Structure formats: structure tokens, C-alpha cells
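Residue 31 is where the sequence shown starts when you use my numbering, and the numbers rise one by one after that. Built from N, CA and C at the ideal position, the CB exists for glycine as well. The structure displayed is predicted, hence computed values, not measured ones. See below for the structure under consideration.
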Amino acid sequence: MSAVLAALRIARRSAWRSRGRSALIMVMIGLPVLVITAILTLIATMSVTGREGLVAELGAADARLTQIPEGSVIHQEPNGAISGPGDDAAALSRPSAAEVAALLGPGTRLIPFSTGVLRLGTERVDALEGDLRDPLTRGMLTLSEGRFPSAREVAVTPALGLRPGDLLRPSGAAPLTVAGVVEHPHRPSLRQVVGPDLPLAPLDGFGSPGEYGAGWLADTPKPVTWAEVPALNRAGLFVTSRAMVADPLRTPVRASAFDVQSMVGIGTMVIMVVLVTVLLAGPAFAVGLRRRRRELAEIAALGGSAGHLRTIVLADGLVLGGAAALVATVLGIGAGMLGAQVAARWGVGAGARWGPTVGPPDVPWSPVLSVAALGLLTGLVAALVPAVQAARQDTATVLTGRAPAVADRPGWPLVGAVLVLAGLGATMVARRQPGSVWVLASAVLVLLGLVVLTPWLVGYTGWLAARLRLPLRVSVRDAVRHRSRTASAVAAVMAVTATVTAMGIGTYSEHVDRREAYTSARPTGTLAIWGGTMADATWDKLRATTASQLPGVPLAAGYQAKDTQGRRYALRYTVRWNGTRTRRTVAIGDQALLRLLQGRHDPQAAAALASGKAVVFDAAALRDGKLALRASSTSGPGRKLEVPAVLATPADKHQGGALLPRTLVEQAGFSTAERQLYAMHRLSADSTLWRDLAKVTPRVTIATEEGYRNVPDPGLWGWLGGALVLVVGGTLAATRLAAADMRPERATMAAIGAPPGTLRIVVAGQALYISGLGALVGLVAGMVTGVALSRPMTTHGAGDLATIAIPWPFVIAVVVGLPVLATAAALITRTRLPLARRLL
31 MSAVLAALRI
41 ARRSAWRSRG
51 RSALIMVMIG
61 LPVLVITAIL
71 TLIATMSVTG
81 REGLVAELGA
91 ADARLTQIPE
101 GSVIHQEPNG
111 AISGPGDDAA
121 ALSRPSAAEV
131 AALLGPGTRL
141 IPFSTGVLRL
151 GTERVDALEG
161 DLRDPLTRGM
171 LTLSEGRFPS
181 AREVAVTPAL
191 GLRPGDLLRP
201 SGAAPLTVAG
211 VVEHPHRPSL
221 RQVVGPDLPL
231 APLDGFGSPG
241 EYGAGWLADT
251 PKPVTWAEVP
261 ALNRAGLFVT
271 SRAMVADPLR
281 TPVRASAFDV
291 QSMVGIGTMV
301 IMVVLVTVLL
311 AGPAFAVGLR
321 RRRRELAEIA
331 ALGGSAGHLR
341 TIVLADGLVL
351 GGAAALVATV
361 LGIGAGMLGA
371 QVAARWGVGA
381 GARWGPTVGP
391 PDVPWSPVLS
401 VAALGLLTGL
411 VAALVPAVQA
421 ARQDTATVLT
431 GRAPAVADRP
441 GWPLVGAVLV
451 LAGLGATMVA
461 RRQPGSVWVL
471 ASAVLVLLGL
481 VVLTPWLVGY
491 TGWLAARLRL
501 PLRVSVRDAV
511 RHRSRTASAV
521 AAVMAVTATV
531 TAMGIGTYSE
541 HVDRREAYTS
551 ARPTGTLAIW
561 GGTMADATWD
571 KLRATTASQL
581 PGVPLAAGYQ
591 AKDTQGRRYA
601 LRYTVRWNGT
611 RTRRTVAIGD
621 QALLRLLQGR
631 HDPQAAAALA
641 SGKAVVFDAA
651 ALRDGKLALR
661 ASSTSGPGRK
671 LEVPAVLATP
681 ADKHQGGALL
691 PRTLVEQAGF
701 STAERQLYAM
711 HRLSADSTLW
721 RDLAKVTPRV
731 TIATEEGYRN
741 VPDPGLWGWL
751 GGALVLVVGG
761 TLAATRLAAA
771 DMRPERATMA
781 AIGAPPGTLR
791 IVVAGQALYI
801 SGLGALVGLV
811 AGMVTGVALS
821 RPMTTHGAGD
831 LATIAIPWPF
841 VIAVVVGLPV
851 LATAAALITR
861 TRLPLARRLL
């Protein structure tokens, strides 16, 4: 024990004497710990539990009740809610406030409280209709400026950019005066309008239960528990209450997250983090060992054993790794808490319509401490190879001032080649598995094999030095001579480049596959108006309103199919589109709708439609000139049909579907009624069409076909940013270590008249050699893994071909841009040295 304590004291003093090198090692070890800790803390802080969000949801009320759409039923259970259309016996009309109060018991107080959307030009913002001056709403929103609104007034969240006294102009309604600015306690970036009387837009449909709808906040004499929920559900109400949230039954039963694939994925991530960190920090420990060889030799001469020398060097890793893990953990927790506030304030990662959430500061201590322990372990592993070398050094050779001979181990290249081949074989098998984690795990074997092969690759590339100019020749020969230092840095760059290239190819292939898989039954830019079940007179009024709102715009009619009892049927067929089974609903119409779907006049398709044949835009749906259809209804028996059809070309590449003439549908025993309108038209920002049609009937839906709108995943460039930090940072760290190691040679060159530019080229040559060789080897490994990764990320079942797409600008930026940037950064390294006295 005394030997360990002495080793720790020696390591602490050595770290303090070489503060620059120590700081460099701590940054390399601590950076992954800081980043992972910050992410864990950020996720925990931005996750708002049901209990934490209870005040924002209910205010001071005991329960919140939201009406579901008329004709629907709902059934709430502790692990979720099931909703959908109900039959005539189950679907009830909406209850009144008095009926709801009677269900909750005597002494219940209700206040109206509705959620919906408000249309501001082309934008739809969330709206909350209720009186914030009522004590039941206390805590739901915090007043930051002005006052709570009264009649014909609103309060807005800061994200809308309005101040008290400004006017809010909803589409198709009178302006409203902004009375105050309010903030949501957990969603600072929320865009919301609040007021007691808002012109809410009609809802397009019923999404998540309780998400939107009219309702009440309830102050009840007793808690609303799960026992009262079934009766409220039968009345057409979605319920949220304090007692339900507090009830442990509410917690849904989840499957164990630690299945085999999750464990393999976590293990792969841990190995990669440790591998890259060890490779980055390893050169610094190697340089430190060379500087301390004489000190360690003196300890050995005074009776220290090989074990003592190993302990001293490992103590370096323990001290520096422990300090790095401690500092990085503290900074990571602070960065995660601060990042959660910034992300929520500026809407970063706002995938949901309400934006990101932020709760009270929260630290997941178990994973955070595990990451800190991983950082400590990384420091020990990084010092392991120098510790073994220190134990094997010849004391007499070091004390006489001669450099110890480093012999290559002839068996290591063979071991590396075996690992690479094993990894490639495992990758070929893993690419046919359903999850991408197996490909990533197989890639670890390839990277480990290349790490073992890197010293041999560094030595093999030494022949390049003879063909280079003097400064670069000195750089390459020095890199090859100090192979242990160089190989570690090259392997680190290789591992980062391979990982980033593989993930870039996989992510971009997935984006291209999604773009190719996008499909629609209408051309881009089509305005569609669908009417539900309604009388002919109501539809005629709806059509007349549309024609008056869109003067001069050609309208193509579509039809619904009904059986003899008046039950509405949908005619559908199933087809594989880009490997995915897609079910399409066919349109029923005439020549005008055919021209709209094709974007032109097609004489052959028009003649086929006129002769009573279906016009199909999916080649795979046709079998021997026939189209197989299934007629389905929510209230009637299903039927199978087979109709004659011809293939035609649609207006857009992504477009599919089919068009049936009315005569063909009527021959199958159905009647048809016009209930759809289509037009190639984009609504203006101030259009009131949706409001005017909703006044005629709420059973109308308006949609516009926008086409494929997604852009490549921004995470692709996030990978590039991470590679920039690791490749440039690791290369510069290794270059600075090499520059310090080359101080005698550089001093000699300066003494014989070498200009500062030549010395800078020598240093930059090291950076170019390290980053260039690592990037080239990493490119090959990354391309192989990326192509293999594309298969599980882009296939959707048996027989589906993989989509392989290489983002060449991204790959070039990684493989060429990063080494160039690292070299340019190395050129500004300080190279002017004081002349050293030489003993001849």
C-alpha cells in the first residue's frame, strides 16, 4: 500500500511539473465524459413527468375534462386510451355543463376551458380558450407583462413577439387586443394565444385523445379517481385529474429496455468511446514516459522492481483520469442544466407542435457516475502500454543516455489482419439482420484490427520520405521513427473518420430511401376538399361556396360510393411501393379529374376511362389487365372486386393511385354521389375558404398536397462537427507532442539557418501525415461499414432492395477537408526556438 501511495505522490508531482501535457491529457479524457454527462443531464432536465407538469395541466383545479368529437367513443385505462368512431348505440351527443357537474357530484364547480388552434394567415398556432383571471387556472401560465385578458382581449406567449397594446389579427375574424404576455412553466418556446373568447379554427380530426377540444376545469368535492373515469368516458369526456396522476396504476407497463440489441448497442458505444479516447491520450502518455525514462531508471537502480515502475506510470493515468472525470462531470452537469434552459427557450429540437419542455434541474446519478467511472478507466487503459514499456526498459541503457531499442513484434500484423477479416465476415452476416446495431458491433472488430495494423502501416509508408522535400522528409521520418506515438494518433483519426463516414452514408441512404418511398395519390400543389356524410343540398351549398371563393379556378369533381342502404364504401387496393406495402384508396371521377391527376391530356387514358376501364398509375397493381379492389365500410360487409384497367403515367414521379369511372362503380352495384373537389391551386395567406366552408358544415376537410418536404438529416453535419473537433483536436495534440519531441532536431535546423517557415512546414508535415493516413484508412473502413449499414436502415421486408447513397460532399469534407484544416492549423504553431547549447 505504501508503494501505491508513493506512486500517487510521484504522479501528482509529475502532473504539476508538466502542466501543459497534463492539461492536454485531461481534455482528451474529460471531453467525452463532459459531452455524455451534459447530454444525460439535459435529457433528464427536459423530461417533465406527469407530477411535475400537473400544475401546468390543471392549474388549481381537481380535474380537466375534454369533449371528444361527436359520434366517437373513448375508453381510458392506466396504460393508455383507446378512441375511435362508435356505432349509433354507443356514440352519444356532447353533454352539457350541468350534466357533467351531475356526474362529478354535488358541489362541483366548472369553468369553460377549451384547447384548439387559431389561424394567423398561413400559420396555425395553439390556442387556449379560458378565463385566466379565475382562481382555478392559477399556475397554468405565468404573467410576465401586462394583465390577464378579458372579453375581446388575448394574452400571448413571448415566442409570438407581441406586446401589450398590439393587435392580433386572426384570419376571417375581427382583430383582438393583446392585454398581456404569459409564459408556460415548462415550454418557454411555446407559441400560444389565450383568451376568453377566441375564434378557434374547426378541427381537422381527432388526434390524440384529449389533445384538442372544448371542455371544463372542475373543482370537485372529492378526488376524481379511476373509478369515476368509465362513467365520464361514456359521456364522451377525456379525463385528466390529480388523483389519476398520483395513482401508481397510471404508470404504464413497459417492456424491458435492456434486451440483447440494447446491450450490444451500449457495449459498442462504450468500446468506441474508450478506444478513441485511449488512442488520443496514448501519445501524451508515451511522450511523458520518454521524458521520465531516466527518472524511472534511477528508481530501478535504487531497488525498484518492474512492478513499481508499472505502478508509477499507471498512477499517472489514475491521477489524470480521475481529475479529468471529476472536472468533466461537474462541468457536464452544469452544461446540461444550462443547455436545457437554452434549448427550451430557443425551441431547439422542437419536434412536437408544443416545442421542447424543461422541468426542474435533474441529474440521473446512476448513468452519470457510470460515465465518470468510464473516464477513470480510460485514463488507466491509456497509461497501460507506457506502463508495460516502462517495466521492460533496460536500466543501464537509459542511464548511459542511449535510446532504448524498440523491436517490432512480427505477430501483431497477423493478429490485426485476422481481426479485420473476422470483422468483415461478421459485417456480411450482420447486414442481413433486422437491426443496425449488429453492423456497428461488427465494425468494432474491423476498427480494432486496423488499430493493431496501424504501426505496421506507419512503418510501411516510411518509403514516402525519400521522395519528399527536406521539411516533409524530416516530418515523415520522425513520425516513422517514433512509431508508438504516431500510430496511436493515426489510429484515433482513422477510428473517427471511419465512424463518421459510416454514419454519414447510412443516414444519407435512409434520407434518400424516405424520399423515394414518399408517395401520394395527387400531384404536388393539389387542393382537395372532402365532404363527409351530408345531404345533397348541403354539398351543393358547399360547392357553391368553394366556387365563389375560387373564381376562375377549374374544379374537378370526385365521387363517393354507397350501397343500396346508403352505407358509404371506400374502394382500396394494396401495392408495394419502394418495398413497403401501401394501401391506396381509388378516386372516382371523370375526364376533368383524369387531366388533373396526369397534369396533361392523355388520349389513350381518356379513351380507356370513357370505355369504362380504370386508369391505374401503379404498374405493380395490375395483373393481366385487371385491378383487384376491396370495398370496405365501417358499418357494412366487405366485398372484393376485380375491374378492367389500363396503366397510365401520372403527373409526378411520387404519384400513385387509380381513377375509376362512375359507370364502372355503378355496374358493381354501388351508387355514386359527388362529395369531393380537386383543383391545382394554392391558397393565399389571407384566404378564408376553410372558415367559410366550416360555416356550411363541420363535416368538411381541406388538404393541400405539398410533396416531399423533408431535408437531409441535420445530424449528418452534426457528425461532421464532431469529427472536426476530434480529428483536428487529436491531430493538433499529437503534432504539439511531436513538436516537443523534435525540439533537438528543430533547434539544430534553426542553428544552421533554417527559416521559421521551414520549421512550421516540418510541424505541419506531421499533422498532414497523421491526419491524411488516418483519413485514408478510415475512408476505406467507413465505406465498407456504411454500405453494410444502409441495408438494415433502408429495407422494409423480404424482397425489398437496399438503398445505397453516398453523400460525396460530406465524405470529401471529412476525408480531404479535415486533414487540410488540421494541417493549416498546425502551420500557425509557434516554432521559433531559443538556441540551445550543444556539447560536442
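Among the options, which has the Cα closest to the Cα of residue i?
i	options	result
residue 387	148, 77, 623	77
residue 504	793, 147, 95, 105	793
residue 409	58, 805, 773	58
residue 755	592, 527, 336, 422	527
residue 327	302, 426, 595	426
residue 620	825, 845, 706	706
residue 787	255, 814, 856, 808	856
residue 626	572, 689, 612, 663	689
residue 816	799, 698, 471	471
residue 799	810, 790, 820, 765	765
residue 150	582, 611, 720	720
residue 91	577, 251, 294	251
residue 99	242, 106, 175	242
residue 648	36, 686, 622, 739	686
Whose C-beta lies closer than 7 Å to the C-beta of residue i among residues of the same chain, with five residues either side of it excluded?
i	result
residue 68	362, 365, 366, 369
residue 823	466, 536, 539, 540
residue 563	598, 729
residue 638	645, 676
residue 572	561, 723, 726, 727, 730
residue 33	338, 341
To which residues does DSSP link residue i through a beta bridge?
i	result
residue 560	706, 731
residue 210	176, 185
residue 48	In DSSP, residue 48 forms no bridge with anything.
residue 658	672
residue 153	150
residue 222	156
residue 586	708
residue 615	602
residue 591	599, 702
residue 243	145
residue 249	139
For chain C, find out if any of its Cβ atoms is closer than 8 Å to the Cβ of residue i; answer yes or no.
i	result
residue 659	Protein chain content of the structure displayed is limited to a single chain, and chain C is not contained in it.
Suppose the cutoff is 6 Å on Cβ atoms and the five residues either side in sequence are ignored; what does the same chain contact list for residue i look like?
i	result
residue 343	413, 416, 417, 420
residue 66	401
residue 359	67, 402
residue 735	550, 552, 554, 556
residue 154	147
residue 672	656, 658
Assuming residue i contacts residue j under a Cβ cut-off of 8 Å, what Cβ separation, rounded to an integer in Å, is found between them?
i	j	result
residue 501	residue 795	6 Å
residue 210	residue 260	At roughly 40 Å, the Cβ-Cβ gap does not stay under 8 Å, so residue 210 and residue 260 are not in contact.
residue 695	residue 676	The Cβ separation is near 17 Å, so there is no contact.
residue 818	residue 457	5 Å
residue 45	residue 350	6 Å
residue 346	residue 389	Not a contact, Cβ separation roughly 41 Å.
residue 93	residue 271	4 Å
Taking residue i as part of the beta strand (DSSP E), name the residues at either end of that continuous run.
i	result
residue 689	688-690
residue 271	267-271
residue 607	598-607
residue 97	93-97
residue 441	Run containing residue 441: none; DSSP gives neither H nor E here.
residue 646	644-646
Can you give me the Cβ contacts of residue i inside the same chain, cut-off strictly under 8 Å, excluding the 5 residues immediately before and after it?
i	result
residue 481	305, 309, 446, 521, 524, 525
residue 287	Note on residue 287: pLDDT 38, under 50, position unreliable in the model; no value is reported.
residue 655	674, 675, 676
residue 127	140, 142, 246
residue 43	none
residue 169	85, 86, 89, 90, 215
Is residue i near the ligand MG, with its Cβ less than 7 Å from a heavy atom?
i	result
residue 69	In terms of ligand content, the structure shown is empty, and the ligand MG therefore cannot be addressed.
Taking the alpha helix (DSSP H) that residue i falls in, what are its first and last residues?
i	result
residue 482	467-490
residue 848	848-857
residue 401	395-412
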